[in-house]
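>
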Amino acid sequence: MRLPLMIAVRAFLVLAWEILASIPILQRKKRVKQRVMKPYVQLDSWPRKIALVLTPIGLGFFCLVYGFFFALTAPYLIVVFAAPIAILMLLSIWALPEQTHAPTKTMEFLLGALLMSLVLWPNYLALALPGLPWITAIRLAGVPMAMLFLVSLSISRTFRGEMKAVALTIPGFWMWFAVFVAIQLITIGIAKSPGAAIQKGVIQQVNWVIVAAIAAWVCRIPGRAERYIILIMFTAIPMLTLQLLELAVHHVLWAGYVPSFLKIDDAIGMNIFASQVRSATGLYRTKVTFTTALGMAEYISLLTPFAIHFALGRYRMPLRVFGFVMVPVIFLSVRLTDARLGVIAFLISVMLYMLFWGMMRFRRNRRDLLAATIVYAYPAVFSAAGLLVMAVKPVKELVFGGGAAAASNAARNTQIHMAIPKMLLYPLGHGGGGAGQAMGYGAGEFIAIDNYYLVFGLDYGMIGVITFIGIFLLIIAWSVRSALVAGNSRDRELSLMIPAACSMSAFLVIKLVYGQADYHSFLFMLVGMCVALIGRVRDEAQAFVDRTTAAPAKVLRSSERDDDEPEDAEPEDPYDTYWPPRPDRPRRLNPA
């Protein structure tokens, strides 16, 4: 009896289960776990939902603690706390996706703005906002320019390829720059003040290295090199006007009129705004927007070869007249600064440009008597000029100074004797910004080292000095060689390498007696410009070689051939010094 009852109950339960299971609302849907293929992710996963909630809370707490300790230790550890932010910013730039176009036009505009602010705005006047570092005009243009340069490198494959081609224009030149940058980074670890070393290193990378790289990329485009040089030349007009007005009042024109939102260091302001008169002569020394009269003399004297070039070059008459007038005006401006380094730079520029101009003219026309006279008589002219400077007392005092400059000469000699042993003892230097303390000055003393090579050597050692000088010497040599190679080229811009080489040569001499770096951005712009022009000379020479190799030489009839020309003479080659040398013929020597 019990068995049939149990069977009936079981059958009833099974039937009831089946009936309930058939009701849609009571059915349990089976979730099929699908595999998500990479690189996609499961958006509705529980770990991801938890992370979306906890991550903002954690970041907010971290920023609160970070800001608290930043405010507690500022300004003593401001560089330490700013370093992670800078690293995250660089990582963000590196992670940017590839794009077709890079922001190169804005970058080019900011390069021009930096060059203009370098001259026309006093670098000691800065916008001072609460909680921010001083914002000078150069930083206002240079920092966005550097950021756009890094962004362009990150997002544009084309831009990276063009920059690589520019870097390989001169064999081994990129290695000099690599060592130059590496020594600045390495010495941060040995600096007594890492914050000052980092700050100085960042400024040098932005205002020197990146400026040179951008100028090398921009000046590949025809017309850009002349545009920037003319831009710098025309800044002399307002500067000379301000110089005459300053001479009349014997102090900088904005002394006493600086608004409160423009910050200036009190000690520096007292020296700049004071009337600077040479004690032995009583002459006022104009400085306009620069911190010293030597800076003004450096700026205006380095424009001398470009003024001569525009006066003698193949330019329109208004520009030639402007260059002709600027040559004596530059010398007058140098005299108003009462700075010997300006006179020396002016004379070096004139003598070197005369030599290079004669060599280029002689290459174009071997029968030119004026060019031949300059080239062959130049050693005698140079020797006569040297004797004139040493023998005639007024000229000697103008160049080397007299009794009024004896104190300056003695101070420079003392600094050399103090610095050379320390430079030899520390081949890597003492870190950026450590030159004054390494020299041996006491605490609180006003440190002013007149020789820039001593400053650079004490900061970055003998290796740093060698790389700094080597970069300019290498560019000067290649610029002169390339300008002579392209002597018959129709590209007028290529001849700008000659005044640029003269200006850089005068700059290397000036740095023996002037230790400030106010105008270095312009010189590194010239370095980049010359690299671009050298690349254009190489491309023209290669194109000529390809044309002459592909096309058969024209056979002249006897009536078309000169009497003194052999029958197997080759056609005239505008690039006598081949670049690169053709493998099917020996390299011809250039008599110039």
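Note that the numbering used here has the sequence shown beginning at 28, numbered continuously upward.
C-beta atoms are modelled at their ideal positions from N, C-alpha and C, and glycine is treated no differently.
What residue does the alpha helix (DSSP H) around Pro171 start on, and which one ends it?
The residue you call residue 171 lines up with position 144 of the sequence shown. Here the alpha helix (DSSP H) through Pro171 covers 164-182.
> Below 7 Å CB to CB, which residues in the same chain sit around Trp121 once its five sequence neighbours on both sides are set aside?
Numbered from 1 along the sequence shown, position 94 holds the residue referred to as residue 121. Cβ within range, chain order: Ser181.
> Run the proximity test for Phe409: is its beta-carbon closer than 7 Å to any non-hydrogen atom belonging to the ligand HEM?
Questions concerning the ligand HEM fall outside what the structure shown contains, since it holds no ligand whatsoever.
> Starting from Gln211, trace the alpha helix (DSSP H) in both directions and tell me its first and last residue.
On the sequence shown, position 184 is the one that residue 211 refers to. Where Gln211 is concerned, the enclosing alpha helix (DSSP H) stretches over 200-213.
> For Ala559, does the three-state DSSP call read helix, strand or coil?
Position 532 of the sequence shown, counted from the first residue, corresponds to residue 559. DSSP places Ala559 in helix when its eight states are reduced to three.
> For Phe483, count the other beta carbons within 10 Å of its own beta carbon; 16 or more makes it buried, fewer makes it exposed. Which is it?
One-based indexing of the sequence shown puts residue 483 at position 456. Classification for Phe483: buried.
> By Cβ distance, which residues of its chain are closer than 6 Å to Ser530, with the 5 residues on each side in sequence left out?
Position 503 of the sequence shown, counted from the first residue, corresponds to residue 530. Contacts found: Leu329, Pro332.
> Using DSSP with H/G/I as helix, E/B as strand and the rest coil, what is Tyr311?
Taking the first residue of the sequence shown as position 1, residue 311 is located at position 284. Tyr311: strand per DSSP, three-state reduction.
> Per DSSP, what kind of secondary structure is Ala282 in: helix, strand or coil?
Taking the sequence shown and counting its residues from 1, one reaches residue 282 at position 255. Here Ala282 sits in coil by DSSP.
> Using 8 Å as the cut-off, can you tell me whether the segment 178-196 makes contact with the segment 128-137, which would need three or more C-beta pairs spanning the two stretches below that distance?
Taking 8 Å as the limit for Cβ pairs, the verdict is that the segment 128-137 does touch the segment 178-196.
> Can you tell me where the alpha helix (DSSP H) holding Val80 begins and where it ends?
For the purposes of this step, residue 80 is taken as residue 53 along the sequence shown, with counting starting at 1. Here the alpha helix (DSSP H) through Val80 covers 73-100.
> Keeping to the same chain, check which residues put their C-beta closer than 6 Å to that of Trp148; ignore five residues upstream and five downstream.
Residue mapping note: residue 148 aligns to position 121 of the sequence shown, counting from 1. Correct list, in chain order: Ala164.
> For the alpha helix (DSSP H) that contains Gly369, what are its first and last residues?
Translated into positions along the sequence shown, residue 369 becomes position 342. Segment 367-391, the alpha helix (DSSP H) holding Gly369.
> For the segment 221-230 against the segment 530-540, do three or more pairs of beta-carbon atoms, one drawn from each stretch, fall closer than 8 Å, so that the two count as touching?
No, the segment 221-230 is not in contact with the segment 530-540.
> When burial is assigned at 16 or more other CB atoms within 10 Å of the CB, is Phe409 buried or exposed?
For the purposes of this step, residue 409 is identified with residue 382 of the sequence shown, where counting begins at 1. Under this definition Phe409 is an exposed residue.
> Provide the residue span of the alpha helix (DSSP H) that contains Glu135, from first to last.
Within the sequence shown, residue 135 is the residue found at index 108, counting from 1. Segment 131-147, the alpha helix (DSSP H) holding Glu135.
> What separation, rounded to the nearest whole angstrom, lies between the Cα atoms of Asp591 and Ile502?
Sequence index remark: in the sequence shown, residue 591 carries index 564 (1-based). Sequence index remark: in the sequence shown, residue 502 carries index 475 (1-based). Residue confidence for Asp591 is low, a pLDDT of 48 falling below 50, so the modelled location carries little weight and cannot support an answer.
> For the candidate residues Asp573, Ala570, Gly555, Thr576, whose alpha-carbon lies nearest to that of Cys246?
On the sequence shown, position 219 is the one that residue 246 refers to. The shortest Cα separation from Cys246 among Asp573, Ala570, Gly555, Thr576 belongs to Gly555.
> Going by C-alpha distance, which of Glu520, Met381, Lys420 is nearest Tyr403?
In the sequence shown, residue 403 corresponds to position 376, counting from 1. Nearest C-alpha to Tyr403: Met381.
> For the alpha helix (DSSP H) that contains Trp505, what are its first and last residues?
Walking along the sequence shown from the start, residue 505 turns up at place 478. Its alpha helix (DSSP H) spans residues 479-512.
> Rounded to whole angstroms, what's the CA-CA distance from Ser360 to Gly369? Just pull it up for me.
Working through the sequence shown from its first residue, we reach residue 360 at position 333. Working through the sequence shown from its first residue, we reach residue 369 at position 342. Distance between the alpha carbons of Ser360 and Gly369: 9 Å.
> Helix, strand or coil: how does DSSP classify Leu550 here?
What you label residue 550 is simply residue 523 of the sequence shown in a count that begins at 1. Helix, per DSSP.
> Round the Cβ separation of Thr494 and Trp203 to the nearest angstrom and send it over; I've been treating them as touching at under 8 Å.
If you number the sequence shown from 1, residue 494 lands on position 467. If you number the sequence shown from 1, residue 203 lands on position 176. Thr494 to Trp203, Cβ: 6 Å. Contact.
> Does Leu321 come out as helix, strand or coil in the three-state DSSP assignment?
By 1-based counting over the sequence shown, the position of residue 321 is 294. Note: Leu321 maps to helix in three-state DSSP.
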